[in-house]
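Participant: With the numbering used here, letter number 98 in the sequence shown gets 103, and the count goes up by one each step, no holes. Every residue gets a Cβ at the ideal spot worked out from N, C-alpha and C, and that includes glycine. Please read all numbers here as calculations on a predicted model, not as lab measurements. Structure in structure tokens, see below.
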Amino acid sequence: ICINYDGSIIDACIGALTATLNTLTLPETVYNEQTGAVSVHSIKRRRFTVKALPVSVTFAIFDDQLLIADPTDDEESLCLARLTIVMNEDKICCIHKPGTLLHVK
Numbered sequence: 006i007c008i009n010y011d012g013s014i015i016d017a018c019i020g021a022l023t024a025t026l027n028t029l030t031l032p033e034t035v036y037n038e039q040t041g042a043v044s045v046h047s048i049k050r051r052r053f054t055v056k057a058l059p060v061s062v063t064f065a066i067f068d069d070q071l072l073i074a075d076p077t078d079d080e081e082s083l084c085l086a087r088l089t090i091v092m093n094e095d096k097i098c099c100i101h102k103p104g105t106l107l108h109v110k
């Protein structure tokens with residue numbers, strides 16, 4: 006659910022995902038190799054660890070010389086194109102550019 010949308014929705018979703026993963030705990034489980042049974046301890050919980058959490062940045066492209074980071078909804082509606090880059094501490098995880106960018110001369 007998006008309560009107040011004002012642009013860069015992917016960035017907001019990645020931020021929410023990151024916050025959730027940072028606080029997530031899971032029930033401790035034990036696997037018995039002999040019986041193949043899995044025991045779940047509902048009281049004992051383990052923190053879910055992620056090696057490198059993602060960060061997302063969206064840019065609005067207006068022309069060859071102007072990029073705006075974290076554009077508002079109004080800026081997104083006026084730009085030629087948008088570009089979202091998702092990265093972690095080691096690498097670029099995703100580049101998303103919806104639609105097409107027309108080169109006007």
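If residue 26 sits next to residue 55, beta carbons under 8 angstroms apart, how far is it from one beta carbon to the other, in whole angstroms?
Facilitator: 5 angstroms
Participant: Report yes if the CB atom of residue 88 is closer than 8 angstroms to the CB atom of residue 67, and no otherwise.
Facilitator: no
Participant: Which ranges does the alpha helix (DSSP H) cover as unbroken runs of at least 4 residues, wholly within the region 23-78, from first to last along the chain?
Facilitator: none
Participant: At which residues does the beta strand (DSSP E) containing residue 89 begin and terminate?
Facilitator: 86-92
Participant: Per DSSP, residue 100 forms a beta bridge with which residues?
Facilitator: 90
Participant: Please name the residue in 72, 57 and 70 whose C-alpha comes closest to that of residue 94.
Facilitator: Comparing Cα positions, the closest option is 57.
Participant: To the nearest angstrom, report how far apart residue 43 and residue 37 are at their CA atoms.
Facilitator: 6 angstroms
Participant: Can residue 19 and residue 76 be called in contact, C-beta distance under 8 angstroms?
Facilitator: no
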